[in-house]
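One structure below.
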Amino acid sequence: MSDPKKSDKTVFQLTRRKALKGLAAGVGALMMPARDASAAVWDAFFQKHFRELSKDELKQVLTRLEKGYRREFGKEVRVKATPAIEGVKYGYGLDLSRCIGCRRCVYGCVAENNQSRDPQIHWIRVLQLNEEKGTDLSYAEHYYNPEEVPEEGHFYMPVQCHQCERAPCIEVCPVRATWKEDDGIVVIDYNWCIGCRYCMAACPYGARHFNWQKARIPGKELNSDTHYVGNRPRPVGVVEKCTFCLQRTREEPGRYPACKEACPVGARKFGNLLDPESEMRYLIENMRVFIFKADLNTQPKFFYFYG
């Protein structure tokens, strides 16, 4: 007699190619008149997993994407696949005593990471909290809009992807479209994602966002320096999220994510957790640090503190 648990596991270990091959065959006849024009679409659909590509195959994928973005946005776009830097595990710190709720981090992130302007997608949410209620999120205001910030009697708590060491989003993905890289950054392969949104339901920080419509990014505003699992323009029907600006931080050791550079009050910190001389190590060892939703044991690499 077969083990039902084993059968369930087998089902969820199906590769994306096997899971969707029947769908492709079923609709293939409808696409025949435009077969040549849609060749790139089919190539992307049947592309092997990013981590399984040879160097030559990866080069072909990046070239195909660059050509497609050039046609779409009318400008040269570079798509990199820079790997994690050896000996680096990134961590992020946020000083709640300094954050003024100005949201400059939000819009710095939007500009850097090619998020849709219409409809708007924000990888960073800033919560306005009441000083008397503390971090009780039942009193959090997501859409505050006073004439000036900070507003008296309130403090602010930005939330984004926490790059969890034990990431629930990875565990629930049925097609292995999301995983954790060696530098601790959780990434998504947008060509592999099937848009089931299981990861969104599993994320305790609300850090994943679904593309309901084609992203509208004016060509002149497009950041043309992109990464395959980072800030390249995303297609409709996939999930996206913060990646600690890996298109920047992996290229130049010591370079910061856009949100940290945009912060006018120095509330954001970033660095290598494995470096005993780094700012992040000093912060963790010397400040009053706490982890958001620590009881879930996701072991995030995003830390809040009071400076």
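Per the numbering used here, the sequence shown runs over residues 299 to 605. Glycine included, C-beta positions come from ideal geometry on N, C-alpha and C.
| query | result |
| --- | --- |
| Cβ contact (3+ pairs, closer than 8 Å) linking the region 448-456 and the region 497-509 | no |
| Unbroken beta strand (DSSP E) run spanning Q426, endpoints | R423 to N428 |
| Helix, strand or coil at P598 [DSSP, three-state] | coil |
| For I422 and C540, believed in contact at Cβ under 8 Å, the rounded distance | 7 Å |
| N- and C-terminal bounds of the alpha helix (DSSP H) containing F371 | K353 to F371 |
| Length of the line joining the Cα atoms of I492 and C407 | 25 Å |
| Whole-angstrom C-beta distance between C543 and E403, which should lie under 8 Å | According to the sequence shown, residue 403 is Cys rather than Glu. Not really, about 11 Å apart at Cβ, beyond 8 Å. |
| Same chain only: Cβ atoms within 7 Å of G517, ignoring 5 sequence neighbours per side | F371, G372 and K373 |
| Touch test, the region 507-526 against the region 476-484, Cβ-Cβ under 8 Å, three pairs minimum | no |
| Uninterrupted beta strand (DSSP E) stretches inside the region 458-527 (no shorter than 3 residues) | 476-478, 484-486 and 523-525 |
| Option nearest K353 by Cα separation, candidates Y602, A379 and D341 | A379 |
| Integer Cβ distance of Y390 from F568, believed to fall under 8 Å | 5 Å |
| Neighbour-count burial assignment, A505, 16 or more Cβ in a 10 Å radius | buried |
| Inter-residue CB distance, I462 and V485 (contact presumed, cutoff 8 Å) | Going by the sequence as given, residue 462 is Cys instead of Ile. In fact, because the Cβ distance is near 13 Å, the residues do not count as touching under 8 Å. |
| Distance between D487 and L363 (C-alpha atoms, nearest Å) | 13 Å |
| Inter-residue Cα distance where the pair is S576 and D523 | 27 Å |
| DSSP state of Q345 mapped onto helix, strand, coil | coil |
| Presumed contact (8 Å Cβ cut-off) between Y604 and L394, rounded CB distance | 6 Å |
| Beta strand (DSSP E) segment containing R586, residue limits | R586 to F588 |
| Local Cβ density within 10 Å of Q597, reported as buried at 16 or more and exposed below that | exposed |
| C-beta contact flag for N411 and P531 at 7 Å | no |
| For Y602 and A323, the rounded distance between their alpha carbons | Residue placement at A323 cannot be trusted, given a pLDDT of 44 that sits under 50; what the coordinates show is reported in the next sentence. Cα-Cα distance, rounded: 50 Å. |
| Extent of the continuous beta strand (DSSP E) run through N411 | Taken as a continuous stretch (DSSP letters only), N411 belongs to no beta strand (DSSP E), being part of the alpha helix (DSSP H) at R402 to N411. |
| F508 to K387 span [Cα, whole Å] | 27 Å |
| Other residues of its chain near R415: CB distance less than 7 Å, five sequence neighbours each side excluded | R514 and I515 |
| Contacting residues, own chain, Cβ-Cβ under 7 Å from P562 (five flanking each side not counted) | C400 and R402 |
| Which residues DSSP lists as bridging M455, in chain order | L425 |
| Contained alpha helix (DSSP H) runs [length at least 4] in the region 548-575, N- to C-terminal order | 556-560 |
| Assigned exposure category for W340 - 16 Cβ within 10 Å defines buried | exposed |
| C-alpha distance - E384 paired with F348, whole-angstrom precision | 19 Å |
| Own chain partners of I589 with C-beta closer than 7 Å, once the 5 adjacent residues on each side are dropped | P598 and F601 |
| DSSP three-state assignment for E384, whether helix, strand or coil | coil |
| Exposure label - H440; buried when at least 16 CB within 10 Å | exposed |
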